Each structure stands twice: as structure tokens, then as C-alpha cells.
Amino acid sequence: MIRFALIVASVLGFALTAAVGNLLTPLLRALVPPEKENAPDPKPGQDPPEPSAPRGLPTMGGLCFIIGTLAAVGVGWAVVCMVQPELLGGGLTGRLMLGLGGGFLLGAAGLADDLARLRPRQVLGLRTGPRLALEALAAAGTVAALWLGGCMPTGLTLPLAGYCELGGAAAPLWALLLLALAESARLAGSADGAAAGASFVAMLGLMGAETILGFFPLAVLPAALAGALMAFLLWNFYPARLLPGAVGCLFLAGAVGAIPLSIGRGDLALLLGLPFWAEGLAALLQGIWRRAKGRPLFKAGSLDAWLRRKGGPVSVFYVFCALALAGALAALRTAQL
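Counting from 1, position 322 in the sequence shown corresponds to residue 322 in full-length UniProt numbering; the numbering is continuous, with no gaps.
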């Protein structure tokens, strides 16, 4: 019967996201500011405009799969609790809320950035400092909630080395992990279908990992999000008509990071976020090289822009999904150790 609950959550996530998308897309399209011939120069402390970001497309599409996921998880968990009433109000319910809450906290930070972009004089969004402060606050709040709920892992499993205890460094490390994952996912949001496709594969891997680790009822959350992302790709796959925005990308980063943390396996987040780490690492190397040498390391500017230049827009989606699949397989293997 729990398998039936997962199917219900997945199908409902797809249907609700499709319905909400049809309602929100015209509204989000109306919020797109008129395209100008010359974009304003970034203010001190602001990021330069992303050359790979499609212009004129509505953003904040992540609200569609966030709403769909929330409703689908509620219904799916209700079905699970009908089958196993002892789960209602138990430890698994708390872990479910913590995993979902991490996504919402980071998504709220992304929503603030998206709303700032609607202002004519702030089309580049929040400045780097305030944006990072909001994301760090959301990451710290997630880790604090995990600690208060008694779910925060104090170590991680490493290949060959086994389980490594982190002690007092665990909380700062997990907060830094969530922050880095959020920034990396935000960079991937401009590529058609890349963030949504990679997260879809990661959610499938997370469902398998939770099953192996004995948290099968909690798979209702990744099942609902996987169904919602499948529906969102109807608008986000190339040629995209709707972008997830910072709210969607940061919600996905929170889900990829907080759900493994809520079951005590932060090492899974390192593997499931592989495509985001690749994007973030490329951006980090680009910034370091530019500061040291005074010129960019990659002419394309970012990993997704380089992939788009080499193989076309669709190749970005396929490469990100392939990286996510490799991360998911590694996560499943790690869960078996």
C-alpha cells in the first residue's frame, strides 16, 4: 500500500503542477519587464548579467512545482498514515517536514531575489552580499531545525574510509554544503531543462536510497517532486517557455541537500548534487582565474554556456542528466555500504 501512496504522490504532483503551470504562466509572463536594448550596468556588489540566460522568458516558474509538490506530499503522506497509523506524529513525520522545510527555506531566499528583479532599477536581483546572507540564513535555519529535531548527522560515509565522525564541525559543514549547493543550482537555472532534469534524476536516486536505508515511507517526498518536475519540463525543456527562477533552483537545492540530511546521510547530498557541483566548480575556477590572471579561464563563461556552444542547447540537458544519473548510481552504491 505504501507503493500505492508513492504512485498517488507522483501522479498528483504531475497533475497539480501541470494545472498550476497553466494558471501561473500567463501571470508570470505579464511580470516580465520590457526588454531593453542596453541592459543597465551592474552596481557595485552585484553580479554581472548572465550571458547564457534567455531573455524575455518568464521566471519564478519554480512556484508551479513547489505548489504541486506540497499538495502531493500532503495527500501521499495521508495515504501512508492511513496504511500505517503509527507513523502519524512519529519520528518519520518529523523527518519528512525537515526535508521539505529545507527546500522551502532556501526557496524563500530565492523568491526574494526573483521579486527584486521585478523592480526596474534592480533587474539583476539582489546584490551579492544580501543574497548570500539570505541563503546562509536559510541554510543555518535548516541545520538548526535538523539539530533541534535530533536528525542532524554528525558524520558522513566516505568510500574506502567508512564512516567518519565530524564532531563540532558537522553543523558548519552542512550549512556550508547547503549554501554552496544553492549557489551552484542557481547558476544552472538559465539552461533549458538542466536544473529540473538533473533534479528529477536525483529524486529517483533518492527514492532508491531511502528504500535501501529503511526509510521507504519517506520516499513520498522525492516521488511527489519527481512527478512535479516531469510536468514542469513541459514548459522548461528546450525551447523553454518558463524558467524556474531563483525560487525554483534554490528549492531544488534545498531538497537535494536537506532530504538526505534529514535521514542522517549528508554524504548522499554530495553525490546527488553532482551536476550542480560541476557548474559551481566551473564558476569558482572562472572567478579565481580572472582575479589571478585578469582574463577568463573559459571563453564561454560557464559550464552550461560551453556545452551549449559545443553541442547545442539540448546537449546541456543531456549532460546534466547524465551527471545526475552517475551521482544517483553512486548514491545507491553508497547507501548499500
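Idealized CB from N, CA, C, for every residue including glycine.
A quick note: this is a predicted structure, and the numbers were derived from the prediction, not measured.
Legend entry - Beta-carbon proximity list for F251, same chain, < 6 Å, skipping 5 on both sides: What you label residue 251 is simply residue 251 of the sequence shown in a count that begins at 1. Only G62, I66, G103 and G107 meet the Cβ criterion.
Legend entry - Where the beta strand (DSSP E) through C157 begins and ends: The residue you call residue 157 lines up with position 157 of the sequence shown. Looking at the sequence provided, one finds Thr at residue 157 rather than Cys. Per DSSP, T157 belongs to the beta strand (DSSP E) from G155 to L158.
Legend entry - Separation of A138 from C164, as counted between CA atoms: Working through the sequence shown from its first residue, we reach residue 164 at position 164. Working through the sequence shown from its first residue, we reach residue 138 at position 138. Approximately 26 Å, taken between the alpha carbons.
Legend entry - Touch test, the segment 234 to 242 against the segment 83 to 93, Cβ-Cβ under 8 Å, three pairs minimum: The segment 234 to 242 makes no contact with the segment 83 to 93, as fewer than three CB pairs between them are under 8 Å.
Inset, instruction - Determine which residues share a DSSP beta bridge with C321 and list them. - result: Here residue 321 refers to the residue found at position 321 when the sequence shown is read from its first residue. Note: C321 sits in no beta bridge, so no partner.
Inset, instruction - Inspect the CB distances between the segment 127 to 135 and the segment 261 to 271 and report whether three or more fall short of 8 Å. - result: Between the segment 127 to 135 and the segment 261 to 271 there are fewer than three inter-stretch CB-CB distances shorter than 8 Å, so the stretches are not counted as touching.
Legend entry - Nearest-angstrom Cα separation, counted from A195 out to K36: Here the question's residue 36 lines up with position 36 in the sequence shown. Here the question's residue 195 lines up with position 195 in the sequence shown. Low local confidence applies: a pLDDT of 41 at K36 is under 50, so the model's placement there is unreliable, and no value is given.
Legend entry - Per-residue DSSP class, three states only, for C164: The count along the sequence shown starts at 1 and reaches residue 164 at position 164. Note: C164 maps to strand in three-state DSSP.
Legend entry - Contacting residues, own chain, Cβ-Cβ under 7 Å from I2 (five flanking each side not counted): As a position in the sequence shown, residue 2 is number 2, starting the count at 1. When the five nearest sequence neighbours on each side are left out, the beta carbons in the same chain lying within less than 7 Å of the beta carbon of I2 are those of V80, V83, F216 and P217, in order along the chain.
Inset, instruction - Below 6 Å CB to CB, which residues in the same chain sit around L12 once its five sequence neighbours on both sides are set aside? - result: On the sequence shown, residue 12 is found 12 positions in, with the first residue counted as 1. A72 and V75.
Inset, instruction - From the DSSP output, in three-state form, read off R295 for me. - result: Residue mapping note: residue 295 aligns to position 295 of the sequence shown, counting from 1. If DSSP states are grouped into helix, strand and coil, R295 belongs with coil.
Inset, instruction - Could I get the ranges of all uninterrupted beta strand (DSSP E) runs contained in the segment 138 to 223, with 3 residues as the minimum, in chain order? - result: Counting only runs of 3 or more residues that sit fully inside the segment 138 to 223, the beta strand (DSSP E) segments are 155 to 158 and 162 to 165, in chain order.
Legend entry - Three-pair Cβ contact test at 8 Å for the segment 292 to 310 versus the segment 185 to 202: With the cut-off at 8 Å, the segment 292 to 310 and the segment 185 to 202 touch.
Inset, instruction - For P130, name the three-state secondary structure that DSSP assigns. - result: One-based indexing of the sequence shown puts residue 130 at position 130. In the three-state reduction of the DSSP assignment, P130 falls in the helix class.
Legend entry - Secondary structure of S302, DSSP reduced to three states: For this step, residue 302 is matched to residue 302 along the sequence shown. DSSP places S302 outside both helix and strand once states are collapsed to three, so it counts as coil.
Inset, instruction - Throw me the rounded Cβ distance for the L332 and A209 pair, which I believe falls under 8 Å. - result: Taking the sequence shown and counting its residues from 1, one reaches residue 332 at position 332. Taking the sequence shown and counting its residues from 1, one reaches residue 209 at position 209. A Cβ-Cβ separation of about 6 Å places L332 in contact with A209 under the 8 Å criterion.
Inset, instruction - Give the DSSP-derived three-state secondary structure of T59 in the structure shown. - result: As a working note, residue 59 is residue 59 in the sequence shown. In the three-state reduction of the DSSP assignment, T59 falls in the coil class, being assigned neither a helical nor a strand state.
Legend entry - Contacting residues, own chain, Cβ-Cβ under 6 Å from V8 (five flanking each side not counted): Start at 1 with the first residue of the sequence shown, and residue 8 comes out as number 8. Around V8: G76 and V79.
Inset, instruction - Can you grab the Cα-Cα spacing for the pair K310 / P244, in whole Å? - result: Taking the sequence shown and counting its residues from 1, the one referred to as residue 310 is at position 310. Taking the sequence shown and counting its residues from 1, the one referred to as residue 244 is at position 244. Inter-residue distance for K310 and P244 is about 24 Å (C-alpha atoms, whole angstroms).
Legend entry - Residues near P40 in its chain [Cβ-Cβ closer than 6 Å; skip 5 each side]: Within the sequence shown, residue 40 is the residue found at index 40, counting from 1. With a pLDDT of 47 at P40, under the threshold of 50, the predicted position of this residue should be treated as unreliable, though the coordinate-derived value follows. Spatial neighbours of P40 in its own chain (CB-CB distance under 6 Å, excluding positions within 5 residues in sequence) are not present.
Legend entry - Cα-Cα separation between L111 and A246, rounded to whole angstroms: Indexing the sequence shown from 1 puts residue 111 at position 111. Indexing the sequence shown from 1 puts residue 246 at position 246. So the two alpha carbons sit approximately 6 Å from each other.
Inset, instruction - Taking 8 Å as the cut-off, decide whether the C-beta atoms of L96 and L221 are in contact. - result: Along the sequence shown, read from residue 1 onward, the residue named residue 96 stands at position 96. Along the sequence shown, read from residue 1 onward, the residue named residue 221 stands at position 221. Their beta carbons are under 8 Å apart, which means L96 touches L221 by this criterion.
Legend entry - Candidates A140, P58, M60 and T69: closest to F200 by CA position: Indexing the sequence shown from 1 puts residue 200 at position 200. Distances from the alpha-carbon of F200 to those of A140, P58, M60 and T69 put T69 closest.
Inset, instruction - Look at the Cβ atom of L242, then the Cβ atom of A226, and state whether they are nearer than 8 Å. - result: Residue numbering aside, residue 242 sits at position 242 when the sequence shown is read from its first letter. Residue numbering aside, residue 226 sits at position 226 when the sequence shown is read from its first letter. Taking 8 Å as the Cβ cut-off, L242 and A226 do not qualify as a contacting pair.
Legend entry - Supposed close pair L285, L297 - CB separation, criterion 8 Å: Counted from its first residue, the sequence shown places residue 285 at position 285. Counted from its first residue, the sequence shown places residue 297 at position 297. That belief holds up - the Cβ atoms of L285 and L297 are roughly 6 Å apart, short of 8 Å.
Inset, instruction - Starting from L270, trace the alpha helix (DSSP H) both ways and give me its first and last residue. - result: Reading the sequence shown from its first residue, position 270 is the one you call residue 270. Judged by DSSP secondary structure, L270 falls within the alpha helix (DSSP H) whose first and last residues are G266 to L272.
Legend entry - Alpha-carbon to alpha-carbon, P159 and L115: Here residue 115 corresponds to residue number 115 of the sequence shown, with the count starting at 1. Here residue 159 corresponds to residue number 159 of the sequence shown, with the count starting at 1. So the alpha carbons of these two residues sit roughly 42 Å apart.
Inset, instruction - Give every residue of the same chain whose Cβ lies closer than 7 Å to the Cβ of residue 338, excluding the five residues on either side of it in the sequence, and list them in chain order. - result: In this structure the chain extends from 1 to 337, so residue 338 is not present and cannot be described.
Inset, instruction - State the start and end residues of the unbroken alpha helix (DSSP H) segment that holds I2. - result: As a working mapping, residue 2 is identified with position 2 in the sequence shown. For I2, the enclosing alpha helix (DSSP H) starts and ends at I2 to A30.
Legend entry - Start and end residues, alpha helix (DSSP H) containing G107: Translated into positions along the sequence shown, residue 107 becomes position 107. From DSSP, the alpha helix (DSSP H) with G107 extends over G91 to R117.
Legend entry - Pick from S184, A202, V20 and M230 that is closest to W277, judged by C-alpha positions: To locate residue 277, count along the sequence shown from 1; it is residue 277. With distances taken between Cα atoms, W277 lies closest to S184.
Inset, instruction - Kindly provide the ranges of any alpha helix (DSSP H) runs that are 4 or more residues long and lie completely inside the segment 60 to 85, ordered along the chain. - result: Segments of the alpha helix (DSSP H) lying fully in the segment 60 to 85: 62 to 83.
Legend entry - Reduced DSSP category for D239 - H, G, I as helix; E, B as strand; rest coil: Counting from one through the sequence shown, the residue named residue 239 turns up at place 239. A small fix is needed here, since residue 239 is Pro in this sequence, not Asp. Collapsing the DSSP output to three states places P239 in coil.
Legend entry - Buried versus exposed call for G168 [16 or more other C-beta atoms within 10 Å across all chains shown]: Taking the first residue of the sequence shown as position 1, residue 168 is located at position 168. Its Cβ having fewer than 16 others within 10 Å, G168 is exposed.
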